[in-house]
Ligand code: GAP
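Encoded structure:
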């Protein structure tokens with residue numbers, strides 16, 4: 027299956043099983059805005075909870091807040107978003123379509139990367155067990171040539187981005203012969219900057235209304251509450267403030283399903299530190315965050331760090347944790363050493379002191395900040411796409427399974443009476459009552475048992491408890507495991523213990 031076909035399956039499965047719907051679908055949808063269905067909401071909440079527990083519950087020096095989406099407009103001046111939160115855009119004169127210039131170039135690089143990947147896969151098939159991948163990459167002329175091309179493009183591309191050189195960006199597009207995917211022509215306009223913030227108004231009458239922005243990141247709600255939280259929590263530096271919540275960006279290239287949305291959710295943590303210690307904390311948070319990702323077992327090979335060449339206006343070091351999505355490695359999370367940029371600017375613009383008095387060193391200073399920032403929707407897509415698989419099974423048929431990490435599964439247990447008679451549904455409902463106090467449980471008595479197992483597999487339910495005739499005699503039930511499909515007979519107490527132990531945070535974090 028090609029990666030494009032795999033990605034289409036991800037999108038259709040997400041819709042068919044109540045995970046993600048297009049927003050306003052009956053009105054033909056709203057571009058790059060999505061709604062989460064009944065199962066998607068559970069998965070999303072579980073991811074959020076897993077992040078919150080790792081950040082807030084397991085760190086004595088991190089607390090969580092929930093700041094508002096609408097904030098004083100000067101905040102966005104101070105943060106640099108009014109002046110610098112821009113994307114470089116280019117229009118194709120024939121199709122009248124608008125593109126992000128940087129994305130056109132990145133897509134071109136991705137095409138070269140997939141050419142390399144194809145060469146490797148072909149050779150892998152040809153040589154089988156004897157294939158030496160590292161040696162092949164170092165010596166194959168076509169792979170070497172494409173690597174060299176990528177290197178040259180990257181060097182020109184990062185230099186153009188670093189200098190905000192829009193003319194150079196256009197030249198790269200022209201030199202590479204990039205064509206408009208719609209018209210196929212190279213008839214491009216100049217590259218222009220475009221601000222990504224959504225504007226709105228506060229107030230009833232249009233004369234007196236104040237112009238506001240929907241927040242493009244949750245981080246600023248943390249910065250402006252820095253002293254409120256520090257004073258009321260009495261935390262000492264180093265300490266962190268975490269927050270999850272909606273952010274809004276008027277993305278021009280909005281595609282790839284929930285990867286790039288106009289309304290999305292972030293999980294951010296700002297860690298306040300003493301100036302001069304930022305390098306140590308930056309490395310520390312890189313390591314912590316990668317550990318968190320790996321704890322979910324989606325495969326070490328699916329993650330990599332990407333250090334930024336072009337730093338955002340606020341950072342002295344930054345990297346992404348990239349994930350191997352169905353369309354290749356892309357940013358999942360950002361880790362940024364933000365210096366004192368935000369707090370110092372808020373001091374300047376608000377005329378309020380945002381200094382911290384360090385009782386150990388007896389000095390006052392504006393803290394530096396290391397930030398970790400992950401998109402909840404991107405994490406959802408990473409988990410969902412990685413978990414979806416089609417498997418051949420022993421009887422020759424195949425099944426579609428969502429092999430979610432158990433701790434994230436929307437429904438933990440399905441309770442199924444083998445038949446809809448002989449008192450089995452009554453016993454099953456009794457069990458449902460017991461289990462639902464502990465986990466999210468589903469009850470299903472419709473169709474043959476095999477079909478019901480398939481249905482639960484497709485939802486990613488890790489356990490099915492089946493009530494059969496033997497249950498009436500000895501009070502034992504079969505517990506079916508989603509991944510191995512094996513079944514064992516256990517009492518309800520043992521089933522509870524077993525599931526509880528696999529869900530315990532000790533087994534994960
Ligand atoms: N406070 C820093 C900040 O917002 P960012 O790199 O712009 O940094 C952080 O965004 C994370 O938010 C990204 O790594 C990504 O996971 C997520 N994100 C950003 N834009 C997004 C979008 N349009 N749709 C979905 N997720 C997005």
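Numbering (my numbering), first residue to last: 27 to 535.
Beta carbons: idealized from backbone N, C-alpha and C, even for Gly.
Give the C-beta separation of residue i and residue j to the nearest angstrom, bearing in mind that I take them to be a contact with Cβ-Cβ under 8 angstroms.
i	j	result
residue 133	residue 187	Not really, about 15 angstroms apart at Cβ, beyond 8 angstroms.
residue 399	residue 360	5 angstroms
residue 269	residue 403	With 8 angstroms as the limit, residue 269 and residue 403 do not qualify as a contact, their Cβ atoms being about 16 angstroms apart.
residue 401	residue 292	6 angstroms
residue 505	residue 521	5 angstroms
residue 390	residue 382	7 angstroms
residue 62	residue 70	6 angstroms
residue 392	residue 380	6 angstroms
residue 263	residue 120	Actually they do not touch by this definition, with Cβ atoms about 56 angstroms apart.
residue 118	residue 213	6 angstroms
Would you decide whether residue i is buried or exposed? Buried here means 16 or more other CB atoms lie within 10 Å of its CB.
i	result
residue 52	exposed
residue 208	exposed
residue 54	exposed
residue 107	buried
residue 68	buried
residue 94	exposed
residue 172	buried
residue 101	buried
residue 301	exposed
residue 498	exposed
residue 233	exposed
residue 372	buried
residue 494	buried
residue 304	buried
residue 451	buried
residue 478	buried
residue 412	buried
residue 154	exposed
residue 230	exposed
residue 544	Nothing can be reported for residue 544, as the shown portion of the chain is limited to 27 through 535.
Sorted by chain position, which residues of the same chain lie with C-beta nearer than 8 angstroms to residue i's C-beta, five sequence neighbours on each side aside?
i	result
residue 501	517, 518
residue 57	280, 288
residue 294	243, 244, 245, 248, 268, 269, 270, 397, 398, 399, 400
residue 60	46, 47, 48, 49, 283, 284, 287, 403
residue 320	326, 329
residue 331	312, 316, 345, 346, 347, 348
residue 178	none
residue 150	157, 159
residue 527	533
residue 453	443, 493, 497, 498
What does a CB cutoff of less than 7 angstroms around residue i pick up in its chain, not counting 5 residues either side in sequence?
i	result
residue 113	126, 220, 222, 278
residue 525	438, 439, 465, 489
residue 419	425
residue 73	402, 405, 406, 409, 434
residue 82	88, 89, 90, 268
residue 415	427, 429
residue 513	504, 505, 506
residue 275	222, 242, 288
residue 315	347, 359, 361, 398
residue 480	425
Would you mind stating whether residue i and residue j have Cβ atoms separated by less than 8 angstroms?
i	j	result
residue 365	residue 342	yes
residue 537	residue 349	This structure gives no information on residue 537, because the portion of the chain shown stretches from 27 to 535.
residue 471	residue 442	yes
residue 29	residue 368	no
residue 144	residue 352	no
residue 116	residue 199	yes
residue 508	residue 473	no
residue 65	residue 436	yes
residue 195	residue 535	no
residue 224	residue 239	yes
residue 296	residue 266	yes
residue 204	residue 130	yes
residue 492	residue 444	yes
residue 99	residue 236	yes
residue 43	residue 485	yes
residue 110	residue 339	yes
With a threshold of 6 angstroms on Cβ separation, who are the neighbours of residue i within its own chain once the five nearest residues in sequence on each side are excluded?
i	result
residue 259	89
residue 176	135, 138
Q: Could I get the ranges of all uninterrupted beta strand (DSSP E) runs contained in the stretch 87-123, with 3 residues as the minimum, in chain order?
A: 88-91, 112-117
Q: Let me know the alpha helix (DSSP H) ranges lying completely inside the stretch 168-243, each 4 residues or longer, listed in chain order.
A: 192-201
Q) Which runs of the alpha helix (DSSP H) fall wholly inside the stretch 390-437 and span at least 4 residues, in chain order? A) 402-413
Q. What residue ranges within the stretch 281-330 form continuous beta strand (DSSP E) runs of no fewer than 3 residues, ordered along the chain?
A. 289-299
Q. Counting only runs that start and end within the stretch 328-398, where is the alpha helix (DSSP H) found for 4 or more residues in a row?
A. 367-376
Q | Whole beta strand (DSSP E) elements within the stretch 444-517, 3-residue minimum | A | 467-469, 489-493, 502-507, 513-517
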